[in-house]
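Report on the structure given below.
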Ligand code: C2E
Ligand code: MG
Ligand code: MG
Ligand code: MG
């Protein structure tokens, strides 16, 4: 089939693949430096309830590269994951994210903080111990911490996943399944693991108000969550039509551009103070 596509196609893709490989190589070495030289920044995006009150925030990593400018996580998290650098980088995010939990403005509002954890970081030996150390160091309240993991992580190594989750869950930490519905959904693992929350992937929310099949998918996820007594966060809520569609169905938290774009942690916190005054 590749041959049938003709030579032009091959010629077209070769330089692009080479460019990608070079980009990867550069990013890998620069990423090591970025962690050391503090080029990474935590951004926060609000999670609000049906009344619009902020209940928590998700930590989203940003890399301010001195020459390339802002590098989105989609172009460096996968590289960090493949090279193993994610362990160090992920620890850094966890430490900073937990420190945010003790910030007076965050604590006064009893906000939760959600932090993305990648599979390699989660399965790396000593993850539980490092989370414990970070909680002790920062003095963060584990019961206000949510770790977001993906379905892939859960499916891969069920026994190891269950053991790690149980230990962290015993500390009071919550687990959320991120991008729910995009991976291999299985009711079996949802029942067996100490999961507290499902985040409906934004690809289902996008067209749900107009598209009956997407609406049906959202309804199915909400029914599952209700049966398993899991809380729900809808991601990618961009319009009032999205919010209205969801509000008519179930109680949940909303996250998306309608309520605010991810903002630098200090900007997000400053806006909390303004809200309250
Ligand atoms: P995610 O965890 O599913 O995060 C949600 C993504 O959706 C974020 O992209 C956020 O900026 C974006 N988003 C939020 N609201 C809206 C909306 O209304 N419309 C649209 N179109 N997008 C919206 P971002 O910040 O580029 O992050 C992409 C992914 O990178 C994240 O997806 C997460 O998987 C990963 N990531 C980000 N920070 C970290 C981190 O610290 N550690 C790890 N392991 N992964 C991270
Ligand atoms: Mg997430
Ligand atoms: Mg997500
Ligand atoms: Mg997503």
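In the UniProt record's numbering, the protein residues as written are 484 to 760. Every residue, glycine too, gets a C-beta built ideally from N, C-alpha and C.
Under 7 Å Cβ to Cβ from residue i, same chain only, skipping five residues before and after it: list those, please.
i	result
residue 636	602, 605, 644
residue 585	621, 622, 623
residue 639	602
residue 711	673, 674
Does the beta-carbon of residue i have 16 or more other beta-carbons within 10 angstroms, so that it is buried, or is it exposed?
i	result
residue 735	buried
residue 610	buried
residue 757	exposed
residue 529	buried
residue 501	exposed
residue 667	exposed
residue 727	exposed
residue 657	buried
residue 626	exposed
residue 661	buried
residue 659	buried
residue 738	buried
residue 762	The requested residue 762 is not part of the displayed model; the chain covers only 484 to 760.
residue 749	exposed
residue 499	exposed
Identify which residue in the options has its Cα closest to the Cα of residue i.
i	options	result
residue 531	610, 729, 703	729
residue 567	555, 511, 521	511
residue 575	732, 593, 557, 544	544
residue 725	740, 711, 503, 712	740
residue 679	708, 507, 699	708
residue 594	558, 520, 721, 542	542
residue 721	630, 515, 592, 689	689
residue 612	503, 671, 648	648
residue 646	497, 552, 676	676
residue 551	653, 697, 509	509
residue 752	590, 515, 497, 533	590
Tell me, to the nearest whole angstrom, how far the beta carbon of residue i is from that of residue j; I am working on the premise that it is less than 8 Å.
i	j	result
residue 618	residue 579	The pair is not a contact, with the Cβ atoms about 13 Å apart (cut-off 8 Å).
residue 577	residue 598	6 Å
residue 651	residue 581	In fact, because the Cβ distance is near 13 Å, the residues do not count as touching under 8 Å.
residue 685	residue 719	2 Å
residue 562	residue 507	6 Å
residue 596	residue 539	7 Å
residue 731	residue 527	Residue 731 to residue 527, Cβ: 28 Å. No contact.
Residues in its own chain within less than 6 Å of residue i by CB, not counting five upstream and five downstream?
i	result
residue 564	601, 603
residue 701	687, 691
residue 537	529, 531
residue 754	none
residue 733	705
CB-CB under 8 Å to residue i, same chain, minus the five flanking residues each way: which ones, in chain order?
i	result
residue 560	544, 569, 601
residue 704	663, 664, 681, 683, 687, 715
residue 548	513, 517, 522, 554
residue 556	543, 544, 545, 546
- Message: Please output, in chain order, the residues near ligand 2 using a CB cut-off of less than 7 Å to any non-hydrogen atom of the ligand.
- Response: 541, 597, 599, 631, 661, 682
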